[in-house]
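Residues in the sequence shown are numbered consecutively from 1, following UniProt numbering. We put the CB at the ideal spot given by N, CA and C, even for glycine. These figures come from a predicted structure and were not determined experimentally. Below: one structure, written as structure tokens.
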Amino acid sequence: MSAEVLLEEKLIKRSQQKRRTSPLNYKERLFVLTKSRLTYYDGKAEKKCRRGSIELSRIRCAEIVKNFGEIIPCQNKYPFQVVYDASTLYVFAPSHNSRSHWVQSLKEEIKDNPVVSAKFHPQFWQEGAWLCCRQAEKQAPGCEEYNLFGDSKKPF
């Protein structure tokens with residue numbers, strides 16, 4: 001597997017709240033996309049401390065999060081999601097172009113994954129429910145068809 005860097009940028013991630021008592025917070029991280037994984041680091045590029053890493057083969061969906069007026073409590077206002085295993089990583093880009101570039105690059109890298117989802121949740125999981133369909137189970141099947149080759153460049 002190649003470690004060639006495809007994309008690298010400081011983005012903001014939302015805590016994944018894998019435990020019920022985990023706080024909801026937002027932290028700036030240095031994200032690095034290679035042909036084999038998406039990794040994020042704490043700190044500066046020259047002194048990286050890895051905080052998380054996802055093998056691209058485990059990613060089921062990479063898509064823009066539709067935001068219908070929900071307040072985004074961080075300076076980056078362009079959210080996208082990376083769904084892998086039983087988790088969703090929410091990432092916030094500084095611009096529409098940045099977000100589109102990340103989503104398109106991720107989609108290109110996962111296009112042959114056997115685990116790609118047929119459906120996904122287009123909005124945030126927030127306060128115990130999906131905002132898109134109000135399902136209260138975090139692992140509930142998606143409510144919208146996932147088009148891996150769709151146009152993620154259009155604004156929502």
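DSSP-derived helix/strand/coil call for residue i
{"i": "LEU11", "result": "strand"}
{"i": "SER53", "result": "strand"}
{"i": "ARG99", "result": "helix"}
{"i": "LYS27", "result": "strand"}
{"i": "GLN75", "result": "coil"}
{"i": "ARG58", "result": "helix"}
{"i": "LEU6", "result": "strand"}
{"i": "GLN126", "result": "strand"}
{"i": "GLU63", "result": "strand"}
{"i": "LYS107", "result": "helix"}
{"i": "LEU33", "result": "strand"}
{"i": "VAL82", "result": "strand"}
{"i": "LYS119", "result": "strand"}
{"i": "GLU137", "result": "coil"}
{"i": "GLU70", "result": "coil"}
Assumed close pair residue i, residue j - CB separation to whole angstroms, cut-off 8 angstroms
{"i": "THR39", "j": "LEU6", "result": "Actually they are not in contact, since the Cβ atoms of THR39 and LEU6 sit about 12 angstroms apart, beyond 8 angstroms."}
{"i": "GLU144", "j": "PRO114", "result": "That pair is no contact at about 21 angstroms."}
{"i": "LEU11", "j": "PHE31", "result": "5 angstroms"}
{"i": "LYS111", "j": "LEU148", "result": "6 angstroms"}
{"i": "ARG60", "j": "SER117", "result": "4 angstroms"}
{"i": "ARG14", "j": "TYR84", "result": "Not quite, the Cβ-Cβ distance comes to about 15 angstroms (not below 8 angstroms), so this is no contact."}
Start and end residues, beta strand (DSSP E) containing residue i
{"i": "ASP42", "result": "37 to 42"}
{"i": "LEU89", "result": "87 to 93"}
Pairs of beta-carbons, one from the segment 123 to 133 and one from the segment 51 to 64, closer than 8 angstroms: are there three or more? The segment 123 to 133, when compared against the segment 51 to 64, does not touch it at the 8 angstroms Cβ threshold.
Across the segment 134 to 144 and the segment 98 to 116, are there enough close Cβ pairs to call them in contact, namely three or more that are closer than 8 angstroms? no
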